[in-house]
Structure formats: structure tokens, C-alpha cells
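The next block holds one structure in the form of C-alpha cells; read it before the comments.
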Amino acid sequence: MNIESKWLEDFLALADVRNFSQAAQIRNVTQPAFSRRIKALEQTVGAELIDRSKTPVALTPSGRLFRITARTLINQMMDGVGQLSDLSKLGGNIVRVAAAHSLATNLVPSIQPKLLAGKHSPLLSVEAIDVDQAIEELQEGGCDILLAFDDELLRLPPYQSLQIGQAELLPVCACDSDGQPLYQISNNKELPWLAYSPSSYMGRQVEAIRDQVNLKAVFLSSMTDLLKVLVLQGQGVAWLPDYSIQEELASGKVAVVGEPHLRLPITYYAYRYQARLHPAGEQVWQTLRTLINQ
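Convert by adding 227 to the 1-based position in the sequence shown; the result is the number in the numbering used here.
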């Protein structure tokens, strides 16, 4: 099989922008020449990678899987050339991680030093985005590893998964100067509710007990950290993951309110495609596996 590296770079550019004209401009070639190179790549690998019937164009299932392979091959070539010429190997060591907002800000900093150990010196490039967008990023081959919450489909082939940890969504509010919660959950009194966007993962979890509590939504966001700020300002009650408010609970700035059944269990995972990653990516994955087994 004779695959030219420029074809791989062409494909990755097209996978990013989903437009033949824009991708051709990025690659500094004419659109007809660019289209021929993409077609040559598809013929060489023996699979249709681009669904041209859609606008913008989309990756086929084969294309989504091949996006990981293409990026891995490019990284490996950069790494090899860097070693031969004694140049920086930075580009080949980048591990792209997509993560749910709360996991990016609370989990990644705690494990990042451990992930950097090893001969490949991985450089984590973390993108904190909405959970559902993060899942789409993995499905489209836009990241090497995804840190997100339980998703049954991502625990099945062609993906691999590692359960990183478990947590609870706790109904919390700020406390007054005497350390008493500003609000109490009661069906007799409507409470201001700092809610997750209904379409978000956290929003769907809270929706399961929505009819058990008398709440009035006063703010919507998919970002845990933003809801936490508003909770601390005393603007209402929110369901926040326990790992994001450990210090605030210990210092008495916030308190858990409501009955125990209103505490919602959540599980978070690391996900990837089964296709082999570049060496730095594989090192990060194996380190995650080691951390789980400790």
C-alpha cells in the first residue's frame, strides 16, 4: 500500500473544515487537484472516507476511524524525523484530550503530572467542551482520548473505555454567616434553581428527580463552574458534582440540602477508539489504566 503523507494531511484538513474549497486553500492546491488526492487516498485504503452527499461534507464511519489512523501516522512520521534530525519532537507527542467541563477543570489537574511521566514525554492538549459535543468529538475522530460520563454506546466496539471514577451530583446552596443553608428543599415553597441546560448530560440526570422537588429555574448553563459561582453568590440551589465543591463543603461555604434520595450517582470514563494511538497517546492511556488499578 502506497499512501503519500500529503494525502493524509489533505484528509485531516478536510476532516476539520468539512469543505473541499476551504481545505484546498489550506493545503495551497487547486480544488480539482485536492479532490483527486482525496479520491486517490480512498482508492488506496479501499474505503469511502467522505460522504459527499451532505452539506457540509461529512466523514463516513470508515472516515471517522481513519481520522485517528491518519493523525497517528503523521505524528509518528514527525516523531521519527525529529529524532533523526535532532529537532523538537513536540508535535509528535501531543495527545488531544476532549473533556467535559467539570472533568477538565477538576480531574485533569490532579492526574496531569502522572500522565507526563515516561519516555515519550506526552504533551496534553485539553479541550473543555460540553459533554455531548465532547462525545461527538471522539466519534468524529477529533481527539485521541475523551474524558466524559457514562455512555453505553461508547463502552461498546469500536471504542475502548476505562472507568476513571464515581461521584455524586449533590443539591447544594450557599450558607449564611452562621453556617446555615440559605435554602431548604421543600415541596411547599418554590426554590430558585440554577439549572443545567436540559439537553446536557447533567441536565438529564437532574430531570429524573425534577418532579420530586418544587423548583423554579432562574438560570441555565451546561457549565458546572459557572453554576458553582452563582451558588456561592447565594442565587439559588444547584446540583453540583461532589468533586467540584470539596473545599467549599469543608469550609462551610455551601451545604447539601434535601433528602438523600436527591443525591444522584454519576460515573465518569476515559474513552478512545480501538485503533492504536501514536506512542505518546498509548502511554497516556496505559497510565490511566495504571491509576485505576492502584
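Even for Gly, the Cβ is constructed at its ideal location relative to N, Cα and C.
Taking only the alpha-carbon atoms, compute the straight-line gap between residue i and residue j and give it to the nearest angstrom.
{"i": "L397", "j": "L491", "result": "7 Å"}
{"i": "N320", "j": "N255", "result": "26 Å"}
{"i": "D278", "j": "L241", "result": "12 Å"}
{"i": "A444", "j": "G430", "result": "12 Å"}
{"i": "R382", "j": "R263", "result": "37 Å"}
{"i": "L476", "j": "H488", "result": "19 Å"}
{"i": "D571", "j": "A331", "result": "An answer regarding residue 571 cannot be provided, because it is not within the stretch 228 to 521 covered by the chain."}
{"i": "E417", "j": "K480", "result": "22 Å"}
{"i": "E379", "j": "T257", "result": "43 Å"}
{"i": "L459", "j": "L409", "result": "11 Å"}
Check each candidate in the options and name the one with the smallest Cα separation from residue i.
{"i": "C370", "options": "V324, N414, A355 and D359", "result": "V324"}
{"i": "M450", "options": "R437, S424 and L518", "result": "S424"}
{"i": "P283", "options": "N302, A250, Q390 and R298", "result": "A250"}
{"i": "D469", "options": "R437, K443, V483 and Q460", "result": "V483"}
{"i": "A326", "options": "Q360, E509 and V440", "result": "Q360"}
{"i": "G463", "options": "L442, S478, E474 and E475", "result": "L442"}
{"i": "P385", "options": "V511, Y498, A507 and N520", "result": "Y498"}
{"i": "L515", "options": "L350, S388, L300 and S248", "result": "S388"}
{"i": "E395", "options": "V481, T494, V335 and L365", "result": "T494"}
{"i": "N414", "options": "L343, E486 and L459", "result": "E486"}
{"i": "K346", "options": "V322, T517, A507 and P408", "result": "A507"}
{"i": "T271", "options": "N246, S404, S232 and I253", "result": "S232"}
{"i": "Q510", "options": "P349, Q460 and G406", "result": "P349"}
{"i": "G222", "options": "L447, F446, A401 and I436", "result": "This structure cannot speak to residue 222, because the chain is shown only from 228 to 521."}
{"i": "S448", "options": "A465, I391, E354 and N246", "result": "A465"}
{"i": "D243", "options": "R298, P340 and N302", "result": "R298"}
Cutting at 8 Å between CB atoms, please list the residues of its own chain near residue i, excluding the five before and the five after it.
{"i": "I295", "result": "G368, D371, Y500, A502 and L504"}
{"i": "L276", "result": "F238, I265, L268, E269, L286, T287, S289, G290 and F293"}
{"i": "A260", "result": "A251"}
Once DSSP output is grouped into helix, strand and coil, what is the label at residue i?
{"i": "T514", "result": "helix"}
{"i": "R279", "result": "coil"}
{"i": "Q270", "result": "helix"}
{"i": "V244", "result": "helix"}
{"i": "I321", "result": "strand"}
{"i": "R503", "result": "coil"}
{"i": "I230", "result": "coil"}
Kindly list the residues whose CB is nearer than 7 Å to the CB of residue i, restricted to its own chain and excluding five residues on each side of it in sequence; keep chain order.
{"i": "K455", "result": "L467, S471 and I472"}
{"i": "V522", "result": "Summary: the structure shown does not reach residue 522, with the chain confined to residues 228 through 521, and so no result is reported for it."}
I want to check one thing, is the minimum distance from the CB of residue i to the heavy atoms of the ligand COA below 7 Å?
{"i": "A260", "result": "Although the ligand COA was asked about, the structure shown includes no ligands whatsoever."}
Counting only the same chain and skipping the five closest in sequence on each side, list residues whose C-beta sits under 6 Å from that of residue i.
{"i": "V322", "result": "P349, L351, D371, A507, G508 and V511"}
Exercise. Pick out the complete alpha helix (DSSP H) segments inside the region 329-387, 4 residues or longer, and give them in chain order.
Key: 335-342 and 358-366
**Item:** Whole alpha helix (DSSP H) elements within the region 399-451, 4-residue minimum
**Value:** 428-434
Report the residue ranges of all beta strand (DSSP E) runs contained in full by the region 445-496; include only those spanning at least 3 residues, in chain order. 465-468 and 481-483
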